[in-house]
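First the structure, in the form of structure tokens, and then the observations on it.
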Amino acid sequence: MAVVYEKTGILTDTPLHYCPGCTHGIIHRLVAEAIDELGIQGKTIGIAPVGCAVFAYNYFNTDMMEAAHGRAPAVATGCKRVHPDNIVFTYQGDGDLASIGAAEITHAATRGENITVIFVNNAIYGMTGGQMAPTTLPGQVTTTSPYGRDPALCGYPIRVSEMLATLDGPAYIARCSVHDVKHIMDAKKCIKKAFETQIAKKGFSMVEVLSSCPTNWGMTPREALNWLEANMIPQYPLGVKKEVE
Amino acid sequence: MALLTIATEICKGCGLCADVCPKKILALSKEINSKGYHPIAVTDQSKCIACAFCARMCPDAVIKVEK
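Protein chains in written order, with the working numbering: chain U, -5 to 239; chain R, 235 to 301.
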């Protein structure tokens, strides 16, 4: 029998610590498959964030490093400048990248650092217990916005991809989702394109992936993906935000 | 003939694979794995068309698809 689909060897056999139905696992797999297909395992360096994906270094069969909260793009900058022939990617959540790490990601992007950023946006702080994040939708209930996020009090959510796409530095910025199989395939193409952008030395590349948090949203895994499709995609439109030829 | 191999010990029973299966031949098992989850199981292997939607949807990469 021929194998139609199996787990790529770029992922280790360590069971993922994520909650049941968390889409981090899907996104890990897409990144691993992109690395596998491009044949860059031996020269890839991943930077793990602080947040739910803090143990990402246990799951990728590549060189991995752990950065302080939000500082993954700064660590990646150092890595890439010292080892320009290596492929360097960061894997960050929205609490990490859009909040405490807003300065690092903005400046890494505007410098056009030749790194790839995988930005997982689930509109909430997952690991710390479901607090409001910069990406939380207006009206969304979290543990720190129990009556729903009020923009008059807390401001509006940040569309990170659109914001960074206004800068001159980035070469490729796209937003994808993983709420169904079609969008998972699209997300994989975007992630692969981002790595190809880095390999071609075109500059900074980032893929924002809309993700779910069934535990902290208080939903079943399927309800969470339906909620993502119905509420997050209107707020965060999918598509390529910037592409430099 | 298609064959699904499920790593029941690492399945967390989220059921996302069952939702995307076009033939609706995946369902949570009555068994409990060592983590305390009801893992996914195939109800009718003969109807599987090896589309691999389940494996692509699975967050924990527990499904291997052969044809």
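Think of the CB as a built atom: it goes at the ideal place given N, C-alpha and C, for glycine as much as any other residue. Keep in mind that this is a model prediction, so the values were computed, not measured.
Exposed unless 16 or more other CB atoms sit within 10 angstroms - verdict on U/Val76: Position 82 of the first sequence holds residue 76 of chain U. Result: exposed.
I think U/Met200 touches U/Ala188, with their Cβ atoms under 8 Å apart; what is that distance to the nearest whole Å? Translated into the one-based positions of the first sequence, residue 200 of chain U becomes position 206. Translated into the one-based positions of the first sequence, residue 188 of chain U becomes position 194. Contact holds; Cβ gap of about 7 Å.
Verify whether the separation of the beta carbon atoms of R/Ile244 and R/Leu260 is less than 8 Å. Your numbering for residue 244 of chain R matches position 10 in the second sequence. Your numbering for residue 260 of chain R matches position 26 in the second sequence. Result no, Cβ atoms of R/Ile244 and R/Leu260 do not sit closer than 8 Å.
Which same chain residues, not among the five before or five after R/Cys255, have their C-beta less than 6 Å away from its C-beta? Within the second sequence, the letter at position 21 stands for residue 255 of chain R. Once the five neighbours on either side are set aside, the close Cβ partners of R/Cys255 are Cys288.
Residues of the region 91 to 110 of chain U with Cβ closer than 9 Å to any Cβ of chain R, in chain order: none
What are the start and end residues of the alpha helix (DSSP H) that includes U/Val154? Residue 154 of chain U sits at position 160 when you count from the first residue of the first sequence. Residues 154 to 159.
Cβ neighbour criterion (16 or more within 10 Å) applied to R/Glu265: Taking the first residue of the second sequence as 1, we reach residue 265 of chain R at position 31. Exposed is the call here.
Residue-level contact to chain U via CB, R/Val254, 8 Å cutoff: Mapped onto the second sequence, residue 254 of chain R falls at position 20. So yes, R/Val254 belongs to the interface.
Beta carbon of U/Ala96 nearer than 8 Å to that of U/Pro67: For the purposes of this step, residue 96 of chain U is taken as residue 102 along the first sequence, with counting starting at 1. For the purposes of this step, residue 67 of chain U is taken as residue 73 along the first sequence, with counting starting at 1. Cβ atoms of U/Ala96 and U/Pro67: not closer than 8 Å.
Leaving out five residues before and five after U/Gly163 in sequence, what residues of the same chain have Cβ atoms less than 7 Å from its Cβ? If you number the first sequence from 1, residue 163 of chain U lands on position 169. Contacts found: Ala103, Thr104, Arg105, Gly106, Gly197, Phe198.
In chain R, which residues lie with their C-beta within 9 Å of the C-beta of U/Leu5? Start at 1 with the first residue of the first sequence, and residue 5 of chain U comes out as number 11. Near U/Leu5 (Cβ distances below 9 Å), the residues of chain R are Ala295.
Counting only beta-carbon atoms, is R/Val231 nearer than 8 Å to chain U? Limits of chain R in this structure are 235 at one end and 301 at the other, which puts residue 231 of chain R out of reach.
In the region 85 to 153 of chain U, which residue ranges form an unbroken alpha helix (DSSP H) of at least 4 residues, counting only runs that do not cross its ends? 96 to 104, 145 to 148
Taking 8 Å as the cut-off, decide whether the C-beta atoms of U/Asp277 and U/Gly133 are in contact. In the structure displayed, chain U extends from -5 to 239; residue 277 of chain U sits before or after that span and is not available.
Spatial neighbours of R/Leu262 within its chain, please: C-beta separation below 8 Å, excluding the five flanking residues on both sides. For this step, residue 262 of chain R is matched to residue 28 along the second sequence. Cβ neighbours of R/Leu262 beyond the five flanking positions: Gly247, Gly249, Ala252, His272, Pro273, Ile274, Ala275.
Integer Cβ distance of U/Ala127 from U/Lys235, believed to fall under 8 Å: Counting from one through the first sequence, the residue named residue 127 of chain U turns up at place 133. Counting from one through the first sequence, the residue named residue 235 of chain U turns up at place 241. No, U/Ala127 and U/Lys235 are not in contact; Cβ-Cβ is about 20 Å, not under 8 Å.
Taking 8 Å as the cut-off, decide whether the C-beta atoms of U/Ser206 and U/Asn115 are in contact. Position 212 of the first sequence, counted from the start, is the residue given in the question as residue 206 of chain U. Position 121 of the first sequence, counted from the start, is the residue given in the question as residue 115 of chain U. Going by C-beta atoms, U/Ser206 is not nearer than 8 Å to U/Asn115.
Is the distance from the Cβ of U/Phe49 to the Cβ of U/His11 below 8 Å? The sequence position of residue 49 of chain U within the first sequence is 55, counting from 1. The sequence position of residue 11 of chain U within the first sequence is 17, counting from 1. Yes. Within cutoff.
Could you name the residues of chain R that U/Val175 contacts, counting a contact when the two beta carbons are closer than 7 Å? As a working mapping, residue 175 of chain U is identified with position 181 in the first sequence. Chain R residues near U/Val175: Val254, Phe287, Arg290, Met291.
Identify every residue that forms a DSSP beta bridge with U/Val172. Stepping through the first sequence from its first residue, residue 172 of chain U is reached at position 178. Looking at the DSSP assignment, U/Val172 forms no beta bridge with any residue, so it has no partner.
Given that U/Gly15 touches chain R, what residues does it touch there, using C-beta distances under 8 Å? The residue you call residue 15 of chain U lines up with position 21 of the first sequence. Chain R residues near U/Gly15: Lys246, Cys248, Gly249, Leu250, Pro293.
Answer yes or no: does any C-beta atom of chain R fall closer than 8 Å to that of U/Pro215? Along the first sequence, one-based indexing puts residue 215 of chain U at 221. Closer than 8 Å to some Cβ of chain R, the Cβ of U/Pro215 qualifies, so yes.
For a contact meaning CB atoms closer than 9 Å, what does U/Val(-3) contact in chain R? As a working note, residue -3 of chain U is residue 3 in the first sequence. The answer, in chain order, is Lys298, Val299, Glu300, Lys301.
Spatial distance of U/Pro145 from U/Ile152 (CA atoms): The sequence position of residue 145 of chain U within the first sequence is 151, counting from 1. The sequence position of residue 152 of chain U within the first sequence is 158, counting from 1. Cα-Cα distance, rounded: 12 Å.
Would you identify the three-state DSSP class for R/Glu300, choosing helix, strand or coil? By 1-based counting over the second sequence, the position of residue 300 of chain R is 66. In the structure shown, R/Glu300 sits in a strand (DSSP, three-state: E or B).
Under the three-state reduction of DSSP, which class applies to U/Gly233: helix, strand or coil? Taking the first sequence and counting its residues from 1, one reaches residue 233 of chain U at position 239. Strand, per DSSP.
Give the C-beta separation of U/Met58 and U/Gly33 to the nearest angstrom, bearing in mind that I take them to be a contact with Cβ-Cβ under 8 Å. Taking the first sequence and counting its residues from 1, the one referred to as residue 58 of chain U is at position 64. Taking the first sequence and counting its residues from 1, the one referred to as residue 33 of chain U is at position 39. Wrong, their Cβ atoms sit about 19 Å apart, outside the cutoff.
What residues from chain R crowd round U/Pro140, counting only those whose CB sits closer than 7 Å? Against the first sequence, residue 140 of chain U aligns to sequence position 146. Within 7 Å Cβ-Cβ: nothing; U/Pro140 doesn't reach chain R, min ~27 Å.
From the beta carbon of U/Gly19, is the nearest beta carbon of chain R less than 8 Å away? Indexing the first sequence from 1 puts residue 19 of chain U at position 25. Yes, its Cβ sits closer than 8 Å to a Cβ of chain R.
Using DSSP bridges, identify the partner residues of U/Val203. Here residue 203 of chain U corresponds to residue number 209 of the first sequence, with the count starting at 1. DSSP lists U/Val114, U/Cys170 as partners of U/Val203.
Determine whether the Cβ of U/Lys1 lies closer than 8 Å to any Cβ atom of chain R. Within the first sequence, numbered from 1, the residue matching residue 1 of chain U stands at position 7. Chain R, which has a Cβ nearer than 8 Å to the Cβ of U/Lys1, makes this yes.
Sequence-distant residues of its chain with Cβ nearer than 8 Å to U/Arg65 (five each side left out): Here residue 65 of chain U is taken as the residue at index 71 of the first sequence, counted from 1. Excluding residues within five positions, the ones whose Cβ falls inside 8 Å are Gly95, Glu98.
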